[in-house]
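Which chain is which? The protein sequence lines are A and B, in order.
Sequential numbering of the first sequence, starting at 1, is according to my numbering.
Sequential numbering of the second sequence, starting at 466, is according to my numbering.
Note that CB positions come from ideal geometry on N, CA and C, so glycine has one too.
On a predicted model such as this, the values are computed, not experimentally measured, just so you know.
Data block below; observations after.
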Amino acid sequence: MGDVARSSPPDAVDPSSAEAEANQTVELGRRAVRLARFYHGKFETVPSVPVRSLEDFAVWYTPGIAAVSEEIRQEPELSFELTGRWNTIAIVTDGSRVLGLGDIGPEAAMPVMEGKALLFRTLGGVNAVPLPVAVGSAEELVETVMRLAPAFGGINLEDIASPKCFHVLEELARRLPIPVWHDDQLGTAAATVAGLLNALTLTDRALGEVRTVLLGAGAANLVTARLLVTLGHDPHRLTVVDHKGILDADREDLDELMLRNRWKYKLALQTLGGGRRGSLSDALVDADVLIAASTPDPNTVKPEMVRSMRARPIVFALANPVPEIWPATAREAGAAIVATGRGDFPNQVNNSLVFPAVFRGVLDARASRIPDEIVLAAAKELARHAAERGLTPEHILPTMEEREVFPFVAAAVATEAVRLGIARRKFSREEFLAQARERMSRPAALSKALTDAGLIHPMPDEPRE
Amino acid sequence: MTHPGTSAASSHGAEDRIRLRPARREDLPHLVPLLLRLKRLNEEFDPLLKVRTDAEARAQAVLEADLENPQSVLLAAEGSGADHGKLVGIVRATVRERPFYTPEKEGVILDIYLLPLYRRHGVGEYLLEETTRRLAERGAGIVTAEFPTQNEIAARFYAKRGFRPITALHARTL
Numbered sequence: 001m002g003d004v005a006r007s008s009p010p011d012a013v014d015p016s017s018a019e020a021e022a023n024q025t026v027e028l029g030r031r032a033v034r035l036a037r038f039y040h041g042k043f044e045t046v047p048s049v050p051v052r053s054l055e056d057f058a059v060w061y062t063p064g065i066a067a068v069s070e071e072i073r074q075e076p077e078l079s080f081e082l083t084g085r086w087n088t089i090a091i092v093t094d095g096s097r098v099l100g101l102g103d104i105g106p107e108a109a110m111p112v113m114e115g116k117a118l119l120f121r122t123l124g125g126v127n128a129v130p131l132p133v134a135v136g137s138a139e140e141l142v143e144t145v146m147r148l149a150p151a152f153g154g155i156n157l158e159d160i161a162s163p164k165c166f167h168v169l170e171e172l173a174r175r176l177p178i179p180v181w182h183d184d185q186l187g188t189a190a191a192t193v194a195g196l197l198n199a200l201t202l203t204d205r206a207l208g209e210v211r212t213v214l215l216g217a218g219a220a221n222l223v224t225a226r227l228l229v230t231l232g233h234d235p236h237r238l239t240v241v242d243h244k245g246i247l248d249a250d251r252e253d254l255d256e257l258m259l260r261n262r263w264k265y266k267l268a269l270q271t272l273g274g275g276r277r278g279s280l281s282d283a284l285v286d287a288d289v290l291i292a293a294s295t296p297d298p299n300t301v302k303p304e305m306v307r308s309m310r311a312r313p314i315v316f317a318l319a320n321p322v323p324e325i326w327p328a329t330a331r332e333a334g335a336a337i338v339a340t341g342r343g344d345f346p347n348q349v350n351n352s353l354v355f356p357a358v359f360r361g362v363l364d365a366r367a368s369r370i371p372d373e374i375v376l377a378a379a380k381e382l383a384r385h386a387a388e389r390g391l392t393p394e395h396i397l398p399t400m401e402e403r404e405v406f407p408f409v410a411a412a413v414a415t416e417a418v419r420l421g422i423a424r425r426k427f428s429r430e431e432f433l434a435q436a437r438e439r440m441s442r443p444a445a446l447s448k449a450l451t452d453a454g455l456i457h458p459m460p461d462e463p464r465e
Numbered sequence: 466m467t468h469p470g471t472s473a474a475s476s477h478g479a480e481d482r483i484r485l486r487p488a489r490r491e492d493l494p495h496l497v498p499l500l501l502r503l504k505r506l507n508e509e510f511d512p513l514l515k516v517r518t519d520a521e522a523r524a525q526a527v528l529e530a531d532l533e534n535p536q537s538v539l540l541a542a543e544g545s546g547a548d549h550g551k552l553v554g555i556v557r558a559t560v561r562e563r564p565f566y567t568p569e570k571e572g573v574i575l576d577i578y579l580l581p582l583y584r585r586h587g588v589g590e591y592l593l594e595e596t597t598r599r600l601a602e603r604g605a606g607i608v609t610a611e612f613p614t615q616n617e618i619a620a621r622f623y624a625k626r627g628f629r630p631i632t633a634l635h636a637r638t639l
C-alpha cells in the first residue's frame, strides 16, 4: 500500500532478519537527509512559455494580461483553458497522520508532500503543488481547501488521520466542482481490488461466493469493503477485524462508533461480522481471502491461521514497511497467492499504480468528481493489463516497471467519466489514450534535457558516468 | 436517550422487527446491560455523565424499583423472527406531578435504548408512540424527554416529532 518511493529497493533485503531491515531503513534515511541538504527541496517553478526579454511581459503580465482575466471573469470555466489550472492539483495535508510517523504537523509533512508531488509529475505528468496547511479541526481543513480550490483543477488529500479523512473527503467531494481524492482511502483500495480480481481468477473463485476477512478498519480497508460489496461481494461473507476483534453488530463500542466513525459503524451493521464472533483466528477459519492493512508486525497473522483458511487461500499482507506475515511464511502455510505493499516482493499492491493515472484521466476529461465507478474503472484496467501480460501467482498486478500501463488507466478513467456524464471534455478512448501518453512523457523529456544541460545536478554521492 | 430511529416512515412495519411489552422481573438481567450501554453512550457526550463503577448494581436496583412503582413505565423490546424472545431494547418513563403548571401531570421519557441493529425502519417512532400512549393512560397531559444536551441525534429525533426544549439543566462540578 506504499508509494513506490516509500518501499525499499529490491536488493539487500533479507526477510528473516529484522535487524538488516532496520539497518537498511536507517541508511536510506541518512541518505535522504544528505540529499535534502544538498538539493534544498525537490521543486522549482519553471515557466512553460518563452521569455526572451522583459518586453514579453507586456503579454504575460500587464497590460495585456488584463484581457485574459476579463475573459475568465465572463466565463469562469475558461480558467481551465487560459491558465495552468487544467493540469494543476494541490496536495493538501494537515500533517495529522504522515507515513508511520503520526501527527507530525504541516512543516514536517512537507518533504513527504514534495515526494508525492514528484511522483505525480514523473508518473502522471500532473503539476502537483505540495500544500501542508495549519488547521485545527476537520471543518477548518474543509473550509481551507474550499478557499484554495479556485487555483486548482483537482485536490489530492494526503496523510490525514482516520476517521477525519472520511468526513473531509465526503464534504469536499460534495461541495467542490473539481475532483477530490484521498489516496490512503481510494488509491490503496483500487490497487487492492485490482490485485484481488486477478487472484480470484487465478484460483478459480467468483467474487460473489468467497468469504473474505479484512484485517484493519482504517482508511484503506473501509473503502476496500465498500468497493467489494459494490462489485457483488456478499456483505454477510465479509468479516472485518480490528484490534478489538471481529466487528459485529453487538460489539460494546458500536454506539461510540456511531458518533465518532459512522463509516465503520455502517460497515458493522452491513456485514454483521460475516456471521462470525471473536478474534482474527475465528474469522479466518474457512475464509478464502485475507486482506490485512493493519500493523507492521510480521507476527500479526500466524501460519496456523493461514492453514485454517480454505485450500489455496489468497493472502494480502499490506502493512508497511513490514507485512503482517512474511510472504515465504504465508506460502509455506498454504497460501496460493501472496501480495504485500513492498516492491522487493512479487505482487506489490501499490497506490502509485493508481493515483497518477487517475488524475491524468480526470484532468484530461475535466471530470467534476471521482465517484466509485471511476475508482473501479481504474482497478479493472490495472487488472486487465496484468492479465494481458499473463497471470501467475507472482504476477497479479502490473509492476512499477510496466510504465506503459499508466496511459491506459488514465484513458479508462477519462472514458468512464464521459460515460457517467461528469466529463466536461468528451473524447474517444483512443484520443484520451494519445493525450495521456503525450502528457505523461513530457516530464521525463524535460528532466533529461535539464540534467543533460547540467541544470539539474547529478546525485552528489554517486559516481559520475 | 440515544437515537432509536430517524426514519420518517410510519411506524407500521416496526412491529415486524420488534415487539414492545411491559418488562417482567425475569427480564432484568437482560435489561441491565442495555441500560448500561445507554449510560456509557451518554458518557461519550459529556464527562459530567461519567458512569460510576457500581453502575451495574445500581441499574438492577433502579429497574426493580421501577417494577414496583405504579407511576413508572418500564418496557422491554423483544426481537422478532430469528431473534424472537431476545431483548434488544429498553424504555424507562415515569409520570411526575407538576404542582405549579398545567397540564398537571407530565410523562417523562427517561431512557430509550435499542441495539444498533434494530434502529431505523421507523422503530424509534414506534417506541415513542407506544410509550406516549402508556403515559397518557396514567394521566399525563404533556410528554417530555431527557437526554444529554450534546446528543444532537436525539434532539433532531424529538424536534421532528414536535418536541421543543422547555427547561435547561446547567451543571458544574463542586
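Counting only runs of at least 3 residues, the stretch 562-629 of chain B fully encloses the following beta strand (DSSP E) elements, listed from N- to C-terminal order: 570-579, 607-610.
In this structure, the straight-line span from the alpha carbon of B:Lys625 to that of B:Tyr583 is close to 20 Å. Secondary structure note for A:Gly105: its alpha helix (DSSP H) is the uninterrupted segment 105-124. Taking every protein chain shown into account, the CB of B:Arg486 has fewer than 16 other CB atoms within 10 angstroms, so this residue is exposed. Within 8 Å of the CB of B:Arg502, the CB atoms of chain A belong to Glu252, Asp255, in sequence order along the chain. Between the beta-carbon of B:Ala488 and that of B:Leu500 there is about 11 Å, and that puts the pair past the 8 Å contact cut.
Beta-bridge partners assigned by DSSP to A:Trp326: none are found. Those residues of the stretch 547-581 of chain B placed with their C-beta closer than 8 Å to a C-beta in chain A are Leu580, Pro581, ordered along the chain. Between B:Leu496 and chain A, the shortest Cβ-Cβ separation is not below 8 Å. Annotated three-state conformation of B:Ser537 is strand, per DSSP. Look at A:Ala199: its C-beta is not under 8 Å from any C-beta on chain B.
For A:Leu228, there is no enclosing beta strand (DSSP E); the residue is found in the alpha helix (DSSP H) stretching over 219-230. At least 8 Å separates the beta-carbon of A:Cys165 from that of A:Ala108.
B:Pro581 sits close to A:Leu254, with the two beta carbons spaced by under 8 Å. In its chain, beyond the 5 residues on either side, Arg211, Val213, Met309 have a beta carbon closer than 6 Å to the beta carbon of A:Ala287. Fully contained in the stretch 268-331 of chain A are the following beta strand (DSSP E) runs of length 3 or more, in chain order: 289-292, 314-317. Put simply, the CB of A:Leu269 is near chain B, with a gap under 8 Å to one of its CB atoms. Neighbours of A:Leu259 in chain B, taken as residues at a C-beta separation under 7 Å, are given in chain order as Glu509. Under the three-state reduction of DSSP, B:Glu543 is assigned to strand. In the DSSP assignment, A:Trp60 falls within the unbroken alpha helix (DSSP H) covering 57-60. Of the candidates A:Pro150, A:Pro106, A:Gly105, A:Ser137, A:Pro150 places its Cα closest to the Cα of A:Ile72. Straight-line measurement puts the Cα of A:Pro132 at about 11 Å from the Cα of A:Ile160.
Judged by pairs of C-beta atoms under 8 Å, the stretch 408-427 of chain A does not touch the stretch 231-250 of chain A, as fewer than three such pairs exist.
Leaving aside the five residues that flank A:Gly187 on each side, the residues in its chain whose CB is nearer than 7 Å to its CB run, in chain order, Asn351, Val354, Phe355. Residues of chain B whose Cβ lies closer than 8 Å to the Cβ of A:Ala249 are, in chain order, Leu580, Pro581, Leu582. In this structure, the beta-carbon distance from B:Glu571 to B:Thr518 does not fall below 8 Å. Assignment of beta-bridge partners to A:Asp242 by DSSP yields A:Gly245. In the three-state DSSP reduction, B:Thr518 falls in the coil class, being neither helix nor strand. Taking a 10 Å sphere around the C-beta of A:Gly84, we find fewer than 16 other C-beta atoms and assign the residue as exposed. Here A:Val59 has Ile65 as same chain residues with Cβ atoms under 8 Å from its own Cβ, once five neighbours each way along the sequence are excluded. Listed as beta-bridge partners of A:Trp181 by DSSP are A:Asn156. At a cut-off of 8 Å between beta-carbon atoms, B:Leu506 makes contact with chain A. If you draw a straight line from the Cα of A:Thr224 to the Cα of A:Lys116, it is about 22 Å long.
Looking from the CA of B:Thr596, the closest CA among B:Gly554, B:Gly550, B:Ser545, B:Ala526 belongs to B:Gly554. For the 8 Å CB-CB criterion, A:Arg424 and A:Arg360 do not form a contact.
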